[in-house]
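Engineer: Pasting in a structure now, in structure tokens, and then I'll have a few things to ask.
There are 2 protein chains.
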Amino acid sequence: MFSPAAPGRGAPPAPAEHQLIVPPLNFAMIAPGIYRSGFPNPRSHPFLLKLGLRTIIYVFDGDCQPYHQEFIRSNSINYQHFRVAANKEPFEEMDHPLVAQILAEVLDTRNHPLLIHCNRGIRRVGCLVGCIRKLQGWAMTAIFDEYQHFSGTKIRISDQEFIEVFKHPVLINPKFGPAWLTDQPE
Amino acid sequence: MFSPAAPGRGAPPAPAEHQLIVPPLNFAMIAPGIYRSGFPNPRSHPFLLKLGLRTIIYVFDGDCQPYHQEFIRSNSINYQHFRVAANKEPFEEMDHPLVAQILAEVLDTRNHPLLIHCNRGIRRVGCLVGCIRKLQGWAMTAIFDEYQHFSGTKIRISDQEFIEVFKHPVLINPKFGPAWLTDQPE
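Structure below.
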């Protein structure tokens, strides 16, 4: 009835023997149905397949790599690319209405399970996740702490400032918004 | 039909006005049904309630704070306390059979949604999460990177070594193991 997930007697855990799982750079689960990462390389594609993704959202002001587009197409994953420039002190800031539009897609459960990624999984995605936490009502302390888990010492004050000042309305269809964004327990 | 999650015209997002959400230190979602953190303080209890936790597992070789025990009792949360000492170079190491026993509880979906926490959410929990990633077959690069997201510059080689050498069988009832640990997509 019970089976060991890892064989004993000196052998490494079973899955590692079969296939090495390589998640994309800075991969993490944000909340039920939503994952974040940097740009997936071909080695991380088997892992992404295991997530059963319905949607991949790419936020970067450049083109998507052809190998990744091919992966998305051949696995019938819904794909959206938003060309978002990063915050840059002192004058350039992510476009607030565009960020609100992306958040509305990310927070629509009809798109879940969903991966949102940029290139390194630090700045653009960090700002979007920060805005989601703000919608959840998180304290800025916790929001900045999470941002810094991924940025390490490369914190950008401009990103934190963007998260703090972001107030654009995010249109969420109440029928399809995630339960964890409202007061219902999961 | 559509309602704004955040009101426009200069007002901050709605939830922040009502109640400031304070997740516990180093809070994160590991995978569907499993959360990690440091020791929750009273301010983070409303947030934990929103997660609808069925189980809280505390791993630390000291007693649990009375206010937290009271919170767990009054909300009918299943509670397990495992007295685990941290890894300490050069001679002390977390107890392998005990860690395997904790992992079996964490990976039993009958206990989900579940929070596993230690005191700072870095070392003991970091090792347990590292072992879960190993059971998932993750590359050590990704496992150590995730550990370091929470440890920052306070990386302990003894923890990483523990994760790498851990091979004790983990008894998972196949009927109640999480789908993401097997090959089924979520």
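One line per chain: the protein sequences are A and B, in this order.
According to our numbering, the stretch in the first sequence is residues 1 to 186, in order.
According to our numbering, the stretch in the second sequence is residues 1 to 186, in order.
We put the CB at the ideal spot given by N, CA and C, even for glycine.
Go ahead and label Phe2(B) buried or exposed: buried means 16 or more other beta carbons lie within 10 angstroms of its beta carbon, across all protein chains shown.
Structural biologist: At Phe2(B), the pLDDT of 47 sits below 50, so the modelled position is not reliable; the number obtained from the coordinates is stated separately. So Phe2(B) ends up on the exposed side.
Engineer: Mind listing, in chain order, the continuous beta strand (DSSP E) runs of no fewer than 3 residues lying wholly within the region 28-104 of chain B?
Structural biologist: 28-31, 34-37, 55-59 and 78-82
Engineer: For Gln184(B), which residues of its own chain have a beta-carbon under 7 Å away from its beta-carbon, when the five flanking residues on both sides are left out?
Structural biologist: Since pLDDT at Gln184(B) reaches only 46, below the 50 mark, its modelled position is unreliable, and the value read off the structure follows with that caveat. Nothing meets the Cβ criterion.
Engineer: What is the DSSP secondary structure of His149(A), reduced to helix, strand or coil?
Structural biologist: helix
Engineer: For Ile132(A), does the three-state DSSP call read helix, strand or coil?
Structural biologist: Three-state DSSP puts Ile132(A) in a helix.
Engineer: Any beta carbon from chain B within less than 9 Å of Lys50(A)'s own beta carbon?
Structural biologist: yes
Engineer: Please confirm whether Phe27(B) has its beta-carbon closer than 9 Å to some beta-carbon of chain A.
Structural biologist: yes
Engineer: If you draw a straight line from the C-alpha of Pro46(B) to the C-alpha of Glu146(A), how long is it?
Structural biologist: 19 Å
Engineer: Could you please give the first and the last residue of the uninterrupted alpha helix (DSSP H) stretch that includes Ile157(B)?
Structural biologist: Ile157 to Val165
Engineer: Taking the beta strand (DSSP E) that Ile116(B) falls in, what are its first and last residues?
Structural biologist: Leu114 to His117
Engineer: With a cut-off of 9 Å, does the C-beta of Ile56(B) fall near any C-beta of chain A?
Structural biologist: no
Engineer: In whole angstroms, what is the alpha-carbon distance linking His168(A) and Leu20(B)?
Structural biologist: 19 Å
Engineer: Could you tell me whether any Cβ in chain B is nearer than 9 Å to the Cβ of Phe187(A)?
Structural biologist: Any question about residue 187(A) goes unanswered here, given that chain A covers just 1 to 186.
Engineer: Is it the case that the Cβ atoms of Val84(B) and Cys131(B) are separated by a distance below 9 Å?
Structural biologist: no
Engineer: In chain A, what lies closer than 9 Å to Gly126(B) by C-beta?
Structural biologist: Residues of chain A passing the Cβ test: none, with the nearest at roughly 12 Å.
Engineer: Strictly under 9 Å for the Cβ-Cβ distance: is Asp145(B) near chain A by that measure?
Structural biologist: yes
Engineer: Pick from Ile163(B), His96(B), Leu135(B) and Val106(B): whose alpha carbon is nearest that of Cys127(B)?
Structural biologist: Ile163(B)
Engineer: Just mark Thr109(B) as buried or exposed, buried being the case when its beta carbon has 16 or more other beta carbons within 10 Å.
Structural biologist: Flag for Thr109(B) reads buried.
Engineer: Rounded to the nearest angstrom, what separates Arg43(A) and Leu49(A) at their Cα positions?
Structural biologist: 11 Å
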